[in-house]
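Asker: In full-length UniProt numbering, the protein residues as written are 1 to 555.
For reference, the structure I am asking about is given below.
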């Protein structure tokens with residue numbers, strides 16, 4: 001069935017989806033979210049969430065035939081095709097025929113039409129003078145979401161609520177500042193004042209008012225007078241504490257939406273105001289650099305990615321709908337390596353162009369010098385995954401040219417932030433050199449390397465050379481032989497030996513000084529390595545792969 005895109009005139013309430021997503025502007029470290037992106041048959045289904053009041057398609061970009069016809073100025077009846085919104089029953093439907101209360105149920109009602117214009121500086125609600133703001137922070141508003149009149153309150157009440165919220169935040173900061181030891185606060189026993197406060201809140205929440213005839217009559221009159229141009233009256237349906245808590249969340253969500261709509265979008269041409277957060281799977285992370293996503297995505301403060309197909313989306317709702325239909329559970333291409341829960345997939349940029357482009361756009365959020373985004377056909381991509389019952393989760397990747405004139409074995413390499421400092425970076429580097437050994441070539445990464453990439457490569461070269469020198473028993477050594485056995489370029493070997501202070505020039509000859517103290521330190525560090533790092537090594541016997549150059553000759 002074809003899904004209809006909501007028009008601007010059909011939009012009334014946007015609060016429900018954003019009321020629980022308020023965050024501060026301070027940067028937060030990478031953290032796990034409660035949303036589980038993976039949906040697999042046989043696994044526990046994720047927690048059900050609130051349904052959006054507007055039907056947004058997955059692409060969120062396509063226009064229906066009706067919309068295009070209206071845009072051309074043709075007369076198309078719209079009264080019969082208005083979208084529907086779930087609104088709480090609070091009028092003549094309060095009592096059922098058998099006398100039971102139906103206040104907790106919902107009904108589907110047509111959305112009222114308003115001449116809403118995103119660029120307008122005035123509120124679209126009839127009778128509203130655009131003064132005040134639901135958050136209490138601003139002097140005026142221009143959307144129904146931030147309209148105090150629509151939410152059955154006044155600008156003065158919103159301002160008082162905002163001042164009270166600021167005071168509570170300041171008091172909380174003072175309490176935290178007075179704490180000398182903040183470690184393990186969640187595991188500490190409650191103080192007497194905290195116990196009294198907890199008991200007070202519990203009693204307040206247990207005081208649920210009865211739905212009297214007076215409340216029903218008040219709600220009935222409100223609906224008859226205002227219809228759908230006001231938010232339904234919700235006071236008297238729950239405890240005063242829960243009601244105030246809901247109003248507080250509503251105000252904070254409105255404040256966040258106002259920031260995204262004005263300050264962020266107004267400054268979105270600046271790099272620091274482009275995509276700042278990324279949600280991938282069950283992780284949310286801060287981005288480091290800007291990436292050339294399409295303009296309508298690049299100006300958002302946060303984007304959502306499917307962790308399997310890497311499709312990018314605007315909202316969590318679109319992501320949730322996409323995950324319900326996405327059949328991917330691993331990268332495309334051929335699985336060429338598997339040991340334990342670690343796999344490598346070879347993805348051809350020519351055969352899987354969209355996936356590789358999305359992978360490059362993702363990598364640019366964390367790499368400063370990356371220039372390859374869309375011309376992916378001459379490259380092969382090797383995606384590293386960590387596998388569990390939900391699928392193969394992307395850990396990192398590296399790319400290489402199919403036919404490199406300078407024998408580069410890596411064009412771009414990335415470990416995602418949530419997997420950094422866990423040994424996965426060296427596994428990616430080691431795997432790239434393993435492919436070079438199978439190809440019987442000497443490889444080197446393409447320059448320039450990022451700062452983190454250079455540190456990782458120098459650490460890898462150091463470990464390989466010290467391991468080689470530990471096992472080498474001869475008196476003379478040839479750099480070329482070392483290069484052939486390790487597949488590391490001779491220039492990289494020389495620069496590493498110089499950094500270690502093991503290469504000297506004496507009487508017209510280059511000498512490699514075998515420093516036993518460095519080798520002993522390396523062996524001791526290797527022996528004391530934690531078990532989770534000791535197991536993260538590449539096993540050449542688990543590789544099932546034919547070089548790309550030989551495949552052409554075989555075919």
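Every residue, glycine too, gets a C-beta built ideally from N, C-alpha and C.
1) Of the residues 353, 385, 394, 367, which one's Cα is nearest the Cα of residue 376?
2) What's the C-alpha gap between residue 402 and residue 327?
3) For residue 130 and residue 449, I'd like the C-alpha separation in whole angstroms.
4) Looking at the strands, I want to know which residues DSSP matches up with residue 388.
5) Curious, which full-length beta strand (DSSP E) runs of at least 3 residues does the stretch 468 to 540 contain?
6) Candidates 165, 383, 416: which alpha carbon is nearest residue 252's?
7) Give the DSSP-derived three-state secondary structure of residue 420 in the structure shown.
8) Note down, one range per segment and in chain order, each alpha helix (DSSP H) of at least 4 residues found wholly within the stretch 321 to 377.
9) Using alpha carbons as the reference points, say which of 382, 469, 329 lies closest to residue 523.
10) Do residue 346 and residue 380 have their C-beta atoms within less than 9 Å of each other?
11) For a quick check, are the C-beta atoms of residue 364 and residue 459 less than 9 Å apart?
12) Thinking C-beta only, is residue 337 closer than 9 Å to residue 431?
13) Between which two residues does the beta strand (DSSP E) containing residue 303 stretch?
14) Report the residue ranges of all alpha helix (DSSP H) runs contained in full by the stretch 139 to 216; include only those spanning at least 4 residues, in chain order.
15) Name the one or two DSSP bridge partners that residue 448 has.
16) In three-state DSSP terms, what is residue 254?
17) Would you call the CB atoms of residue 397 and residue 373 closer than 9 Å?
18) Give the range of the beta strand (DSSP E) segment to which residue 408 is assigned.
19) So, using beta-carbon positions, are residue 446 and residue 549 closer together than 9 Å?
20) Helix, strand or coil for residue 543? Go by DSSP, reduced to three states.
21) Under the three-state reduction of DSSP, which class applies to residue 433: helix, strand or coil?
22) Here's the rule I'm using: 16 or more other beta-carbon atoms within 10 Å means buried, otherwise exposed. How should residue 392 be labelled?
23) Is residue 584 helix, strand or coil by DSSP?
24) Compare the beta carbon distance of residue 412 and residue 399 with 9 Å and say whether it is the shorter of the two.
25) Give me the DSSP bridge partner(s) of residue 399.
26) Once DSSP output is grouped into helix, strand and coil, what is the label at residue 293?
27) So residue 293 and residue 361 are in contact, right, with Cβ under 8 Å, and what is the actual spacing, rounded?
28) What's the call for residue 475, buried or exposed, on a 16-neighbour Cβ count within 10 Å?
Answerer: Well, looking at it:
1) As a first step, residue 376 must be located in the chain shown, where it is residue number 376. Ranking 353, 385, 394, 367 by Cα distance to residue 376 puts 353 first.
2) If you number the chain shown from 1, residue 402 lands on position 402. If you number the chain shown from 1, residue 327 lands on position 327. If I take the Cα positions, the gap works out to 29 Å.
3) Within the chain shown, numbered from 1, the residue matching residue 130 stands at position 130. Within the chain shown, numbered from 1, the residue matching residue 449 stands at position 449. Residue 130 and residue 449: Cα-Cα distance of roughly 53 Å.
4) Along the chain shown, read from residue 1 onward, the residue named residue 388 stands at position 388. Looking at the DSSP assignment, residue 388 forms a beta bridge with 391.
5) 503 to 506, 509 to 512
6) Here the question's residue 252 lines up with position 252 in the chain shown. Cα-wise, what sits closest to residue 252 is 165.
7) Taking the first residue of the chain shown as 1, we reach residue 420 at position 420. Assigned with DSSP and collapsed to three states, residue 420 falls in coil, not helix or strand.
8) With a minimum length of 4 residues, the continuous alpha helix (DSSP H) runs that stay inside the stretch 321 to 377 are 353 to 364.
9) Residue numbering aside, residue 523 sits at position 523 when the chain shown is read from its first letter. Looking at the Cα atoms, 469 is the closest of the given residues.
10) Reading the chain shown from its first residue, position 346 is the one you call residue 346. Reading the chain shown from its first residue, position 380 is the one you call residue 380. Here residue 346 is near residue 380, since their CB atoms are less than 9 Å apart.
11) Translated into the one-based positions of the chain shown, residue 364 becomes position 364. Translated into the one-based positions of the chain shown, residue 459 becomes position 459. Result no, Cβ atoms of residue 364 and residue 459 do not sit closer than 9 Å.
12) If you number the chain shown from 1, residue 431 lands on position 431. If you number the chain shown from 1, residue 337 lands on position 337. Against a cut-off of 9 Å, the Cβ pair of residue 337 and residue 431 comes out as a contact.
13) Position 303 of the chain shown, counted from the start, is the residue given in the question as residue 303. Looking at the DSSP string, the run of the beta strand (DSSP E) that includes residue 303 is 302 to 305.
14) 155 to 178, 192 to 206
15) The residue you call residue 448 lines up with position 448 of the chain shown. DSSP, once it has assigned bridges, lists no residue as partnering residue 448.
16) Here residue 254 corresponds to residue number 254 of the chain shown, with the count starting at 1. Residue 254: helix per DSSP, three-state reduction.
17) By 1-based counting over the chain shown, the position of residue 397 is 397. By 1-based counting over the chain shown, the position of residue 373 is 373. Their beta carbons are not under 9 Å apart, which means residue 397 does not touch residue 373 by this criterion.
18) For the purposes of this step, residue 408 is taken as the residue at position 408 of the chain shown. Element bounds for residue 408: 408 to 410.
19) Position 446 of the chain shown, counted from the first residue, corresponds to residue 446. Position 549 of the chain shown, counted from the first residue, corresponds to residue 549. Their beta carbons are not under 9 Å apart, which means residue 446 does not touch residue 549 by this criterion.
20) Looking up residue 543 in the chain shown gives position 543. The three-state reading of DSSP puts residue 543 in strand, counting E and B together.
21) Walking along the chain shown from the start, residue 433 turns up at place 433. Residue 433: helix per DSSP, three-state reduction.
22) Numbered from its first residue, the chain shown carries residue 392 at position 392. Buried is the call here.
23) Given a span of 1 to 555 for the chain in the structure shown, any question on residue 584 remains unanswerable.
24) By 1-based counting over the chain shown, the position of residue 412 is 412. By 1-based counting over the chain shown, the position of residue 399 is 399. Result yes, Cβ atoms of residue 412 and residue 399 sit closer than 9 Å.
25) For the purposes of this step, residue 399 is identified with residue 399 of the chain shown, where counting begins at 1. DSSP, once it has assigned bridges, lists 381, 412 as partnering residue 399.
26) As a position in the chain shown, residue 293 is number 293, starting the count at 1. In the structure shown, residue 293 sits in coil (DSSP, three-state: anything other than H, G, I, E or B).
27) Your numbering for residue 293 matches position 293 in the chain shown. Your numbering for residue 361 matches position 361 in the chain shown. Yes, they are in contact, since the Cβ atoms of residue 293 and residue 361 sit about 6 Å apart, within 8 Å.
28) Stepping through the chain shown from its first residue, residue 475 is reached at position 475. Exposed, by the Cβ-count rule.
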